[in-house]
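Residue numbers (this note's numbering): 706 to 757. Every residue gets a Cβ at the ideal spot worked out from N, C-alpha and C, and that includes glycine. None of these values were measured; they are calculated from a predicted model.
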Amino acid sequence: MRLGVRDVVATVLVALIAIPYVGYLINGEMPFVEDPRGMTAIGLVLGVAASS
């Protein structure tokens with residue numbers, strides 16, 4: 706069973722959600738993510754992109 710291109714793209718996008726989230730939890734801020742609203746926006750945008 707092989708992963709298709711769409712599956713790989715979705716996996717990468719979900720990983721891109723996790724990286725700033727973990728950094729935000731550790732440091733309290735990340736570049737372009739300075740508050741909970743910014744983290745929510747990034748998670749929402751990348752999550753929608755991963756589901757399409």
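By Cβ distance below 6 angstroms, which residues in the same chain neighbour residue i in space, the five residues on each side in sequence not counted?
i, result
"Gly748", "Ile722"
"Ala715", "Ala755"
In the DSSP assignment, find the alpha helix (DSSP H) that holds residue i and state where it starts and stops.
i, result
"Pro725", "710 to 732"
"Pro736", "Neither: Pro736 is in no alpha helix (DSSP H) and is coded neither H nor E."
"Ser756", "741 to 756"
Excluding the 5 residues preceding and the 5 following residue i in the sequence, name in chain order all residues of the same chain whose CB lies nearer than 8 angstroms to its CB.
i, result
"Val727", "none"
"Leu751", "Leu718, Val719, Leu721, Ile722"
"Leu708", "Thr716"
Within 8 angstroms (strictly less), CB to CB, does residue i reach chain C?
i, result
"Glu734", "This model lacks chain C altogether, as it is built from one protein chain only."
Between the C-alpha atoms of residue i and residue j, what's the straight-line distance to the nearest angstrom?
i, j, result
"Arg742", "Ser757", "23 angstroms"
"Pro725", "Val738", "8 angstroms"
To which residues of the same chain is residue i closer than 7 angstroms at the C-beta, ignoring the five residues directly before and after it?
i, result
"Pro736", "none"
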